[in-house]
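Down below is the structure, laid out as structure tokens.
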Amino acid sequence: MTQVILFNVLNGLIVGAFYALMALGLSLILNLSGVINFAHGGFLALGAYLAYSLAPYLGFWGGLALAPFLTAALGLIIERVLIRRLYGRDPLYSLLLTFGLAFIFQDALRFLWGAQSVPYQIPGWLASPLSASLFFLTGYRVFMVVIVALAVTALFLILGYTRLGIRIRAGTLDLDTVSVLGVNVRVLRNLNFGLGIYLAGLAGVLAAGMLGLSPTIGDTLIMPSFVAIIVGGLGSLPGTLAGGLLIGIASGLTAVFLPAGTEAVIYVMMALVLMVRPHGLFGDAGRLR
Amino acid sequence: MGKLQASLHVRRRTLLKAGVAAGALQFASPFIIRARAADILKVGVDNPLTGVYTALGKNENFGVELAVEQINAKGGIVGRQVQTVVEDSTSDKTDIAVQKARKLIQSDKVDFLIGNVNSSHAIAIAQVAAELKTIHIVPGGHADAITGASCQWTTFRVCNTGAMQGNAMAGPLVNKLGKKIYIIAQDYAFGHALADGLTKAATKAGGTIVGTDFFPLATTDYSAVLIKARAANPDVLVDLAAGDDGINSIKQAVQFGLDKQLKIAGMQQELEVVEGLPVEARIGSWLFEWYWNQPNVPHVAEFVAAIRKKTGKVPTARTWFGFASMWSYALAANNAKSIEAVKVAHALEGLKLPPEVALMPSEPYFRAEDHQLVPSVFIGHEQAKGTVDPEDLFVVDQVVAGKDFMPPASETGCKLVYPT
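Respectively, the protein sequence lines represent chains W and H. If you count by the numbering used here, then the first sequence holds residues 1 to 289, one letter each, in order. If you count by the numbering used here, then the second sequence holds residues 1 to 420, one letter each, in order.
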């Protein structure tokens, strides 16, 4: 039993890392633009389908490298054409818009690639366990954690040390002042949205290697990401990362005792955090400054 | 000059007359169409077209569509041409499925209702159909209750129950694969129906269930459940998940290498799922409720060709469910020479499907006591790549006839009550 619990803690960390990747993209957009992007799951699915279609020509690696960029490019266009018009209005407007976009994405994917799941092939050497006893530690899962770690490190480096990143962080704190100082806020928000969508596209390609690729692939992954943001604390990227890992472990441990409760437990956790620390675990202290 | 004008005048008059005549014809034609409308028999199709069951719902609807074309070509139902009214029930919102069923019966005035892939939707639609005295056939909702404790005099079902599949699969499972069985299933009516069916039948056949886990619908990560299952050290891992959940769980079990440590099997498997799996995950022993590659069974090749022409793909069990549902109603109503619900229901009871509808070796019939179709099932194993056809991903090892796995009607808990 101890072994099963330990396995599940380790496995929970792997799953949590994946939730965190999606949640970070959502969090970036929410922090700077105040947009709760319900279409994030749609972008995630699009990234996965693009990689699936590119794979016959560019292979798995080509798809993995290119698909998130193409998804981000569409994100830039959608922000420019649709979402930008709603900044400064009640957040309900952008929420409704992205909610509608999520449906449009799902139906468009169904129209283009069909309703039935399609098989997304990963390289054979990734699709097997690394050791017989730690059988849940497959090459692909380790690879996923490595990619997530690289992406998160790159994101934090961008935010910490590049001009764009510093402006995004400054804008998150006080967008008016940043604007008065001469920064083009429109471009800043556009690029920030693109960055968030890049992470969604990347998460989509990674998810497709582990799950069946169907137009609804984003739906089931999006809710744990929202919970990760709330548990970690709105406005805090390290909090979002911690939130993702925590719900992954909680879900894994629940599976040992009550598998039917693996979904419910993340919402119970969210309720508990909201009762004890309404601003989330790292709501203020964890904010990148 | 004047002559010319006169002739022009006449010509214009003629033209005007012709115009009026044409207009009158236009005006009259709606009456003709209206007269035809009374001769049209409407069929309501309330199946998922969005959400996780979209692929399954659409395939059932393709089967209905083909059946309607064939029925109309043969003169329709009691001399009336058939027209379908299709609604999206959604995959997971039972209230919407019910609302659509009411709309189809009360507003569109359909005479017959087909639906639903989702068992919970099917049970709820059956209640509406009984209340509004409309014949209803469930093509592909598998929960036992539909033709068991929740059975209705108006509702019939084409696909199997959990108990039927459990009985059919238990023998091959225990005798060929191993006695220690671990079950993973989805935590809703369908998953519980299959798990209960298998537990009873496998125990009877001498097997032991070493563990059963139910996971929430649309779970994405199965590692925790699989770690637990592996720790119980079973001979066979029986995966009862359907749709995308089936794909996700099998894909992950194979990535964990579980297929090399123990046997993987299931009960109901569907071509839609197998096609969504990467080649290395097309493994294990399963039960198909209908399979398209039956070289020696009459009429199957024509059916496959017709569906291929329509959809570009081979028919799946779902396509056959829809096809058989529509044809069953047509045959019963034509036998009864009426579309009056009570008469059609009695005509459906005991109705034997002719070979061009049955499309399987045995002669399926609707059992009168619970309105459940008694078909054959196909037990076999998956193959990574098709030999005769790229979509031939299943090898049938044995066909089991309904009489060998049907639980007695007295055990289903169904008590049909007809209106007085």
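Every residue gets a Cβ at the ideal spot worked out from N, C-alpha and C, and that includes glycine.
In this model, L202 of chain W and P361 of chain H are separated by some 49 Å (Cα to Cα).
Here T212 of chain H has Y182, I183, I184, A185, A195 and T199 as same chain residues with Cβ atoms under 8 Å from its own Cβ, once five neighbours each way along the sequence are excluded. Apart from sequence neighbours up to five positions away, the residues of its chain that approach V274 of chain H with a beta-carbon distance below 8 Å are R282, E382, L393 and F394, ordered along the chain.
Among the residues facing chain W, L393 of chain H is not included, as its CB has no counterpart in that chain under 8 Å away. The shortest CA-to-CA distance from V142 of chain W to any of W:M1, W:P278, W:G12 and W:V273 is the one to W:G12. Note that the C-beta distance between V45 of chain H and G140 of chain H is not below 8 Å. Between Y418 of chain H and M267 of chain H, the alpha-carbon positions lie close to 34 Å from each other. Counting along the chain, the unbroken beta strand (DSSP E) around I40 of chain H starts and ends at I40 to N47. A distance below 7 Å between beta-carbons, with the five flanking residues on each side excluded, links V117 of chain H to the following residues of its chain, in chain order: N47, P48, Y53, L56, G57, E60, G140 and G141. Here the C-alpha atom of F62 of chain H lies approximately 12 Å from the C-alpha atom of G312 of chain H. Under the Cβ distance rule, G266 of chain H does not count among the residues neighbouring chain W, no pair being separated by less than 8 Å. Interface annotation, A143 of chain H: not in contact with chain W, CB-CB separation never under 8 Å. Going by DSSP, M267 of chain H is part of the beta strand (DSSP E) stretching over K263 to Q268. Runs of the beta strand (DSSP E) spanning 3 or more residues and lying entirely within the segment 233 to 319 of chain H occur at 236 to 239, 263 to 268 and 285 to 288, in chain order. Runs of the alpha helix (DSSP H) lying entirely within the segment 329 to 408 of chain H and spanning at least 4 residues, in chain order: 341 to 348 and 355 to 358.
Using a Cβ-Cβ cut-off of 8 Å, V4 of chain W counts as an interface residue toward chain H, since at least one Cβ of chain H sits closer than that to its own. In terms of beta-carbon proximity, L221 of chain W lines the interface with chain H, with at least one pair separated by less than 8 Å.
Around the C-beta of N184 of chain W, fewer than 16 other C-beta atoms lie within 10 Å, and the residue is accordingly described as exposed.
Between the segment 35 to 45 of chain W and the segment 204 to 220 of chain W there are three or more C-beta pairs closer than 8 Å, enough to call the two in contact. Using beta-carbon distances, N248 of chain H counts as an interface residue toward chain W, with a partner under 8 Å.
For D213 of chain H, the neighbours in chain W by C-beta distance under 7 Å run, in chain order, P259. For R157 of chain H, DSSP records a beta bridge to H:V138 and H:Q372. Non-local beta-carbon contacts of S91 of chain H in its own chain, meaning distances under 6 Å to residues more than five positions away in sequence, involve P48, G51, V52 and Y53 in chain order. I209 of chain H: member of the beta strand (DSSP E) spanning T208 to F215, first to last residue. In chain order, P129, F135, F136 and T138 make up the part of chain W whose C-beta sits under 7 Å from the C-beta of F256 of chain H. The beta-carbon distance between L132 of chain H and Q106 of chain H, rounded to whole angstroms, is 7 Å. This is short enough to meet the 8 Å contact definition. Residues are counted here when their Cβ sits less than 9 Å from a Cβ of chain W; for the segment 223 to 239 of chain H these are S223, A224, V225, L226, I227, K228, R230 and A231, given in chain order.
With a threshold of 16 other beta carbon atoms within 10 Å, W61 of chain W falls short and is exposed.
Taking a Cβ-Cβ cut-off of 9 Å, the neighbours of L211 of chain W in chain H comprise T220, D221, D244, I247, N248, K251 and Q252, given in sequence order. For L277 of chain H, the C-beta contacts it makes with chain W under 7 Å involve P119, in order along the chain. Within the DSSP secondary-structure output, P172 of chain H pairs in no beta bridge. With three or more CB-CB distances shorter than 8 Å, the segment 263 to 273 of chain W counts as touching the segment 227 to 236 of chain W. Annotation for R308 of chain H: V314 place their beta carbon closer than 7 Å to its own, counting only its chain and skipping 5 residues before and after. Cβ contact annotation for K352 of chain H (same chain, cutoff 7 Å, sequence separation greater than five): E363 and Y365, in chain order. With the criterion set as a beta carbon lying under 7 Å from some beta carbon of chain W, the segment 100 to 120 of chain H has no members that meet it. Per DSSP, T262 of chain W has no beta bridge partner at all.
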